[in-house]
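Top to bottom, those sequences are chains A and B. To convert, note that position 88 of the first sequence is 88 in full-length UniProt numbering; the numbers rise steadily by one, no gaps. To convert, note that position 35 of the second sequence is 35 in full-length UniProt numbering; the numbers rise steadily by one, no gaps. For each residue, glycine too, the CB sits at the ideal point set by N, CA and C. Values in this document were obtained by computation on a predicted structure and should not be read as measured data.
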Amino acid sequence: MTDYEECIEMKVPARPEYVGVVRLTVSGVANRVGYTYDEIEDIKVAIAEACTNVVDHAYNDEGLISLQFLVHDQFVEFKIADDGKNVDVEELKKYRGPIKPGEPIQQLSEGGLGLFLIETLMDDVEIKKDKGVAIVMKKYFQKDGVAHGANGIEAETINKHQ
Amino acid sequence: MNLDVKTETLSNETKMFVSGEIDAHTASQLKEALMPLVEQPESSVTVDLRGVDYIDSTGLGIFVGALKSTDQNNGRLRLVSLNERVKRLFSITGLDEVIDIEERRESAGK
């Protein structure tokens, strides 16, 4: 993996009123590095979902959300981390997915959509358990309308050959 | 990063106009306004999302909760005038299959 070109970092309190602040910041950064309008909107949703997870689950009391955006040649790596100790990652992974048509209305889940959205909107998603939980997501640039590495493999290969 | 909710009660239905951004911070405001309406027996509630330019999973979850409530109380819930971005999230999550949604018709030539 080649090194990143730029790094943007921030820390905000893990409180719902800061999720919007992160969204605005991410929007600005994504715009600066050259994503399209639709990509920026997708990134905003994914990052906000990751932050909301931290706000809802990571801490009993006060805590911080650490954000790191590493700008690579063909993608940006977005890392959202906490140092809370309360999240069961396996449980988190198990409980997600879209609404299935035909499911009885009373059995529909009101949660579990966040992680599903993240995985749908970003190209590559990894959840790591360290001190707390870190979600690392990649979004490739779709320059010239070509989806470089939209499956997360092609661009990886290109990088290695450079 | 604010949310504005207005309701209008007509003889046979309630209309709710929402504008702003629906996220973890503002969702409680929407929930407080919407739930009492959908908990009434045989209610008919139309939520106009014309002014909403952002929604996240917390917001989607509230509409799932509202749908369950209308289903239980023989009521009806309809979402209208969703912009493309908001509609997209309802589609990705499959919610457009279970909730009655009418998206905004984009004017020709736009």
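Quiz prompt | Partner residues on chain B for A/Lys-94, Cβ-Cβ distance less than 9 Å | solution = Going along chain B, no residue has its Cβ under 9 Å from A/Lys-94, so there is no contact; the nearest lies around 16 Å.
Quiz item: Is there at least one Cβ from chain B nearer than 8 Å to A/Thr-25's Cβ?
Solution: Interface with chain B (8 Å Cβ-Cβ cutoff): A/Thr-25 is excluded.
Quiz item: Beta carbon of B/Val-5, beta carbon of B/Ala-27: below 8 Å?
Solution: Result no, Cβ atoms of B/Val-5 and B/Ala-27 do not sit closer than 8 Å.
Quiz item: Using 8 Å as the threshold, is the stretch 93–102 of chain A in touch with the stretch 24–42 of chain A, meaning 3 or more CB pairs across them?
Solution: With the cut-off at 8 Å, the stretch 93–102 of chain A and the stretch 24–42 of chain A do not touch.
Practice problem: Would you mind working out which of B/His-25, B/Val-45, B/Glu-21 sits nearest B/Leu-10, comparing C-alpha positions? | Solution: Nearest C-alpha to B/Leu-10: B/Val-45.
Quiz item: Would A/Asp-3 be called buried (16 or more neighbouring beta carbons within 10 Å of its own) or exposed?
Solution: Exposed, because fewer than 16 other Cβ atoms sit within 10 Å of the Cβ of A/Asp-3.
Practice problem: Spatial neighbours of B/Val-86 within its chain, please: CB distance less than 8 Å, with the 5 preceding and 5 following residues excluded, ordered by chain position. | Solution: The beta carbon of B/Val-86 sits closer than 8 Å to those of Leu-49, Val-52, Asp-53, Tyr-54, Ile-55, all from its chain and outside the five residues before and after it, given in chain order.
Quiz item: For B/Val-98, does the count of other Cβ atoms within 10 angstroms reach 16, so buried, or fall short, so exposed?
Solution: Its Cβ being crowded by 16 or more others within 10 Å, B/Val-98 is buried.
Quiz item: For A/Thr-52 and chain B, any beta-carbon pair shorter than 8 Å?
Solution: Output row for A/Thr-52: interface = yes.
Practice problem: Under 7 Å Cβ to Cβ from A/Gly-19, same chain only, skipping five residues before and after it: list those, please. | Solution: Sequence inspection shows Val at residue 19 of chain A; the Gly mentioned does not correspond to that position. Closer than 7 Å at the Cβ level, and outside the excluded window around A/Val-19, lie Ala-48, Cys-51, Thr-52, Val-55.
Quiz item: Within the 8 Å Cβ cut-off, does A/Lys-100 reach chain B?
Solution: A/Lys-100 counts as touching chain B.
Exercise. Find the residues of chain A that neighbour B/Gly-61, judging by a C-beta separation of less than 7 Å, and give them in chain order.
Key: Close to B/Gly-61, with beta-carbon spacing below 7 Å, are these residues of chain A in chain order: Glu-110, Gly-111, Leu-113.
Quiz prompt | Residue interval of the alpha helix (DSSP H) (run including B/Ser-43) | solution = B/Ser-43: not part of any alpha helix (DSSP H); DSSP gives it neither H nor E.
Quiz item: Would a C-beta distance cut-off of 8 Å place B/Leu-89 and A/Leu-64 closer than the cut-off?
Solution: Their beta carbons are not under 8 Å apart, which means B/Leu-89 does not touch A/Leu-64 by this criterion.
Practice problem: Scan the UniProt domain "Histidine kinase/HSP90-like ATPase" (12–139) of chain A and note each continuous beta strand (DSSP E) run of 3 residues or more that stays entirely inside, going in chain order. | Solution: Runs found: 64–71, 75–81, 124–129.
Self-check item: Where the beta strand (DSSP E) containing B/Ile-22 begins and where it ends
Solution: Residues 14–22.
Practice problem: Would you give the residue range spanned by the alpha helix (DSSP H) that B/Glu-84 belongs to? | Solution: Start and end: 84–92.
Exercise. Could you spell out the range, first to last residue, of the beta strand (DSSP E) harbouring B/Asp-100?
Key: For B/Asp-100, the enclosing beta strand (DSSP E) starts and ends at 100–103.
Practice problem: Please go through the same chain and pick out, in chain order, the residues whose beta-carbon is closer than 7 Å to the beta-carbon of A/Glu-119, but skip the five residues on each side of it. | Solution: Only Val-125 meet the Cβ criterion.
Exercise. Can you give me the start and stop residues for the beta strand (DSSP E) that B/Leu-3 sits inside?
Key: Run containing B/Leu-3: 3–9, per the beta strand (DSSP E) assignment.
Exercise. Work out the CA separation of A/Leu-67 and A/Cys-7 for me, nearest whole Å.
Key: Straight across, the Cα-Cα distance linking A/Cys-7 with A/Leu-67 is about 10 Å.
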